[in-house]
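Participant: Can you keep this structure in mind? I'll have questions shortly.
Residue numbers (the working numbering): 4 to 124.
Below you can see the structure in the form of structure tokens.
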């Protein structure tokens with residue numbers, strides 16, 4: 004009985020390790036040996052011009068390159084300014100015009116991550 008439980012635990016650890024390794028390979032995080040991601044800067048950096056604010060919880064950000072990828076997706080959009088924090092697992096998105104939550108989730112998905120929640124600030 005104990006041997007069976009130990010075997011199941013070893014299998015679970017192996018599966019989680021393989022999932023983590025696969026994520027790193029597909030996302031190209033700094034841990035996988037890729038070059039650092041270059042930051043995309045928005046044209047308008049004045050936060051006073053962005054009256055709509057959302058805080059999006061993101062699953063899968065593990066390093067600064069992950070945070071830059073998420074920021075870059077939003078900062079390349081017209082009228083959007085974003086700042087991601089991988090340690091906290093979120094991105095703060097400031098917008099000149101209101102965006103639908105579905106658009107914000109799709110932007111996160113296009114960066115290769117998953118939005119777990121959106122909070123209006």
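Each residue gets a CB set at the ideal place from its N, CA and C atoms; glycine is no exception.
1. One question on the structure: do residue 76 and residue 113 come within less than 8 Å of each other, judged by their Cβ atoms?
2. Could you tell me which residues DSSP puts in a beta bridge with residue 100?
3. Take residue 83 and list the residues in its own chain whose beta-carbon comes closer than 6 Å to its own, dropping the five residues that flank it on each side.
4. Which value, in whole angstroms, describes the spacing of the CA atoms of residue 60 and residue 68?
5. Tell me whether the beta-carbon of residue 86 lies closer than 8 Å to the beta-carbon of residue 40.
6. Could you check how far apart the C-beta atoms of residue 57 and residue 107 are, in whole angstroms? I think they sit under 8 Å.
7. Please find out if some non-hydrogen atom of the ligand ATP comes closer than 7 Å to the beta-carbon of residue 117.
8. Measuring CB to CB, does residue 73 end up less than 8 Å from residue 80?
Facilitator: Reading off the structure:
1. For the purposes of this step, residue 76 is taken as residue 73 along the chain shown, with counting starting at 1. For the purposes of this step, residue 113 is taken as residue 110 along the chain shown, with counting starting at 1. In this structure, residue 113 lies closer than 8 Å to residue 76 by Cβ.
2. Within the chain shown, numbered from 1, the residue matching residue 100 stands at position 97. Answer by DSSP bridge pairing: none, since residue 100 is not bridged.
3. On the chain shown, position 80 is the one that residue 83 refers to. So the list reads 77 and 98, once near-sequence residues are dropped.
4. Position 57 of the chain shown, counting from 1, holds the residue named residue 60. Position 65 of the chain shown, counting from 1, holds the residue named residue 68. If you take the alpha carbons of residue 60 and residue 68, they lie about 17 Å apart.
5. Against the chain shown, residue 86 aligns to sequence position 83. Against the chain shown, residue 40 aligns to sequence position 37. No, the Cβ-Cβ distance between residue 86 and residue 40 is not below 8 Å.
6. The residue labelled residue 57 in the question sits at position 54 within the chain shown. The residue labelled residue 107 in the question sits at position 104 within the chain shown. At roughly 6 Å, the Cβ-Cβ gap stays under 8 Å, so residue 57 and residue 107 are in contact.
7. In the structure shown, the ligand ATP is absent, as is every other ligand, since no ligand is present at all.
8. Taking the chain shown and counting its residues from 1, one reaches residue 73 at position 70. Taking the chain shown and counting its residues from 1, one reaches residue 80 at position 77. In this structure, residue 80 does not lie closer than 8 Å to residue 73 by Cβ.
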